[in-house]
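Structure first, then comments.
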Amino acid sequence: IYDADYPDGGARAWLIVFGNLCLIFCQSFGYVNSWGVFQAYYEETLLKDSSPSNIAWIGSIQYALVFLPALVSGHSFDRGHLKIPILIASVVLVAATFLTAECKQYWQFLLCQGFAVGLSAGVLYGPVVAVIGHWFKKKRGLATGFLATGSSVGGTLFPIVARNLISRVGFPWTLRVIGFILLCSLGCANLIVRRRLPPKHVPGGLFNPAAFKNPAYTIYCMSGVVAFLGLYVLVLTYIDVSAASMGVSPDFAFYLISMANGASLVGRLTAGITTDKIGAVNVIAPMSALAAVMTYVWPLARSKSSFVVVSIIYGFSSGAYVSSFMLPMYYLGEVADVGRRSGMATTLTAFGAVAGPPISGAINTASGGYKAVGIYAGTTILAAIVLMLVTRHLVLRRVWGKF
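Residue numbers for the sequence shown follow my numbering, so the first one is 3 and each next one is one higher.
Right, here's the structure in full:
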């Protein structure tokens, strides 16, 4: 059955892509990426008696839980479970968003916006790429590129909606509006998304240690952890703050994040089109190198225009990596085990994604500036590129080839 012809297109297959786009719009790099707006608002109003570091734990837990459940949801997908987990996670995500509108105390925000939103978003994120693998083979990169645009749209839309509505209609109704947006998007996804291939019994439980006997898989997982140690330092953590410190208006600096997310849409589509032709690693390695260069250059930015250039180029290049870094998983083991294999890799990258900002924060505090932070983040990305190229060599047994 796994050797059967893949649709690789057609109305049904592209509808599946749209359904998964709706899922990714609502979770990981979409809705969750609007946390910065809430952090600032909570510090000034609702949770002003709590320290910024305590408030930041809400966002950190939320972000960590986006990645960590992939180990469970990926294996669950391999065993044939898709509709029920997506439905339950959708209900929890929408309910948690509406409940956040009613929160008044720190522990309530931690429970609703931290644990509930993060966990449900993580369950939705787990099977997204694996589902695409059921419907596309030759055009898998293109389909994944279109799918990943949901992250860019969500990452651009939700922060702008939250920032502008809070001052106009208040915090509770802002969360309710976001909740209705999530309800519509997730409703479409639940009606559309489905698997094509039947489940196949894969020996072992949630974790498959045998996968790490493949050196290429192990090293590629390491590349993901190292890349995420530095990849989100610039845009998610410091681009707006550093711009404001250089005299750029805070109201304008906020939109640098949206500019980066908008540019990442182009990067994701570009990567999707080209990975089918020359291979995922052959695309994301040079794109990651460009992101590393921008990370090194970023501390030298002084004007509004220079920050705009850094944001756009960095968003374009990092978006290409984020959208395609899971594609090699299809070629590092059997198709029947791709969900669990991808889930293990995603869970491991969570440690890099969660550790990166605190490490950069410690470097920033110790150095008193952003130059050392840029060197740290750029160097981790370059180290990840080396590991990607080693993976390609192990798979192809030669220096260059499609991978």
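All C-beta atoms, glycine included, are put in the ideal place defined by N, C-alpha and C.
For residue i and residue j, I'd like the C-alpha separation in whole angstroms.
i, j, result
"residue 64", "residue 41", "12 Å"
"residue 27", "residue 191", "10 Å"
"residue 118", "residue 19", "26 Å"
"residue 241", "residue 365", "16 Å"
"residue 36", "residue 389", "31 Å"
"residue 402", "residue 384", "19 Å"
"residue 3", "residue 199", "Note that residue 3 scores 40 on pLDDT, short of 50, meaning its location in the model is unreliable; the coordinates nonetheless yield the value given after this. Roughly 7 Å separates the two Cα atoms."
"residue 410", "residue 54", "Outside the shown range of the chain, which is 3 to 405, sits residue 410, and nothing can be said about it."
"residue 404", "residue 139", "15 Å"
"residue 129", "residue 11", "20 Å"
"residue 73", "residue 348", "7 Å"
"residue 290", "residue 399", "23 Å"
"residue 56", "residue 281", "43 Å"
"residue 123", "residue 50", "27 Å"
"residue 183", "residue 166", "15 Å"
"residue 249", "residue 147", "36 Å"
"residue 340", "residue 132", "7 Å"
"residue 151", "residue 246", "28 Å"
"residue 17", "residue 276", "22 Å"
CB-CB under 8 Å to residue i, same chain, minus the five flanking residues each way: which ones, in chain order?
i, result
"residue 58", "41"
"residue 335", "213, 216, 219 and 343"
"residue 395", "401"
Taking 6 Å as the limit between beta carbons, can you name the residues of its chain near residue i, skipping five residues before and five after?
i, result
"residue 9", "15 and 137"
"residue 303", "309 and 312"
"residue 76", "128, 341, 342, 344 and 345"
Use the C-beta contact count for residue i: other C-beta atoms within 10 angstroms, 16 or more gives buried, fewer gives exposed.
i, result
"residue 284", "buried"
"residue 210", "buried"
"residue 2", "As displayed, the chain neither begins before 3 nor continues past 405, which places residue 2 out of reach and without an answer."
"residue 22", "buried"
"residue 34", "buried"
"residue 300", "buried"
"residue 156", "buried"
"residue 141", "buried"
Between which two residues does the alpha helix (DSSP H) holding residue i run?
i, result
"residue 362", "340-369"
"residue 142", "142-171"
"residue 278", "252-280"
"residue 224", "217-233"
Tell me which residues share the same chain as residue i and place their Cβ nearer than 7 Å to its Cβ, disregarding the 5 neighbours each side in the sequence.
i, result
"residue 101", "114"
"residue 178", "100 and 103"
"residue 121", "67 and 71"
"residue 230", "351, 354, 355 and 358"
"residue 379", "232, 235, 236, 297 and 362"
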